[in-house]
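Numbering (UniProt numbering), first residue to last: 1 to 168.
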């Protein structure tokens with residue numbers, strides 16, 4: 001449920017700051033992006049992760065209704081190099097939820113590992129230290145990302161729920 005909670009909170013926070021973001025976009029898009037990044041970091045801090053709202057194409061920053069609903073990076077632990085579970089389980093769960101998807105090993109160099117899930121609507125890059133969702137967060141994407149944050153990144157496990165992760 002971490003992905004669902006974080007993305008909902010991110011969407012609400014971005015929406016409440018939208019008037020300011022729109023003004024900043026007209027004056028200076030770089031400052032607007034900085035504001036969006038700060039909002040993502042503020043929300044992520046509550047979950048002990050870094051949230052980064054991405055705009056892979058410049059024009060996407062003007063699609064206000066999509067803020068926090070697609071193209072999100074979640075950095076969990078930059079030191080992690082390996083998954084706590086087998087990559088085959090990660091790929092199998094993707095096939096279970098999405099049906100026909102391309103699930104491949106990726107970023108396999110310098111002792112690191114990763115998985116890339118490709119489907120019609122986009123892709124999800126799963127690295128031991130971070131999750132990058134390059135698509136719209138529909139029900140299946142949200143379900144899969146909730147599973148990843150629980151089972152692969154082990155957020156929400158005993159002693160690591162939101163309240164104990166919140167920094168003072």
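Positions of the beta carbon are idealized from the N, C-alpha and C atoms, including for glycine.
* **For residue 4 and residue 121, the rounded distance between their alpha carbons** => Cα to Cα, residue 121 sits roughly 19 Å from residue 4.
* To do: Leaving out five residues on either side along the sequence, give the residues of the same chain with a beta carbon under 7 Å from the beta carbon of residue 116.
  => Only 104, 106, 123, 125 meet the Cβ criterion.
* Asked: According to DSSP, is residue 30 helix, strand or coil?
  -> Here DSSP, grouped into helix, strand and coil, assigns residue 30 to helix.
* In three-state terms, what does DSSP make of residue 49? -> Residue 49: coil per DSSP, three-state reduction.
* To do: Could you name the residues of the same chain whose beta carbon sits closer than 6 Å to that of residue 132, not counting the 5 residues immediately before and after it, in chain order?
  => Within the same chain, residue 132 has close Cβ partners 73, 125.
* Asked: Considering only residues of the same chain and omitting the five flanking positions on each side of residue 88, which have a CB-CB separation below 7 Å?
  -> Closer than 7 Å at the Cβ level, and outside the excluded window around residue 88, lies no residue.
* To do: Determine the DSSP secondary structure at residue 118, reduced to helix, strand or coil.
  => Correct three-state label for residue 118: strand.
* Asked: Taking only runs of the alpha helix (DSSP H) that begin and end inside the segment 124 to 150, which ones reach a length of at least 4 residues, in chain order?
  -> Restricted to the segment 124 to 150, the alpha helix (DSSP H) segments that are unbroken, complete and at least 4 residues in length are 139 to 147, listed in chain order.
* residue 104 - DSSP class collapsed to helix/strand/coil -> Reduced to three states, the DSSP call for residue 104 is strand.
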